[in-house]
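Everything in the sequence shown is counted per the UniProt record's numbering, starting at 1 for the first residue and increasing by one.
Data first, discussion second: the structure below is written as structure tokens.
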Amino acid sequence: MTNAISKSQQNEIRSLLSQNKSYSEIMERIPGLKKPTLSRYANKFYPNRVHAPSGRKSIVTTTTKSYIRRQIIKGDLKTAKAVYQYLNEVGYSIGYSATLKLLKSMNFQAKIKVKKPLLKKNHRERRLAWAIAHKD
């Protein structure tokens, strides 16, 4: 079993946790303190505390995402390039590939447009006549 840290360090940990300091800030202030020890004391002092969500913060806010989703559904923003240009105009410093990932996270998948021939009325009539002539 490891030795417990001093009461003064415990009190300092408690005060820093009550100020909502991050683990990295607390470990900088208290020399020799490791993350597992800090986590153990944090759970001891504040067992019901709410943990901050882990991971990297999103560059684009949720309100901007919902606005983009609405504009795509309405048809104002039709392509990923249009979304990319809109985000840069608004002030987000984001790349094109990040814009594609953003759209993918919003369940907008890229699709290649199917190419169809421009058939006029006489083309369709000739095709129908050919099909009738060559029917069994």
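C-beta: ideal position from N, C-alpha, C; glycine also.
query, result
"Tyr46 classed as buried or exposed, judged by whether at least 16 other C-beta atoms fall within 10 angstroms", "exposed"
"Inter-residue Cα distance where the pair is Lys121 and Thr64", "46 Å"
"Beta-carbon proximity list for Tyr96, same chain, < 7 Å, skipping 5 on both sides", "Tyr84"
"Span of the alpha helix (DSSP H) around Arg56", "Element bounds for Arg56: n/a, residue is neither H nor E."
"Contact between the region 76 to 92 and the region 116 to 135 (3+ Cβ pairs under 8 Å)", "no"
"Among Lys81, Gly55, Ser54 and Gln9, the one whose alpha carbon lies nearest that of Ala98", "Lys81"
"Pairwise C-alpha distance: Ala42 and Ser18", "10 Å"
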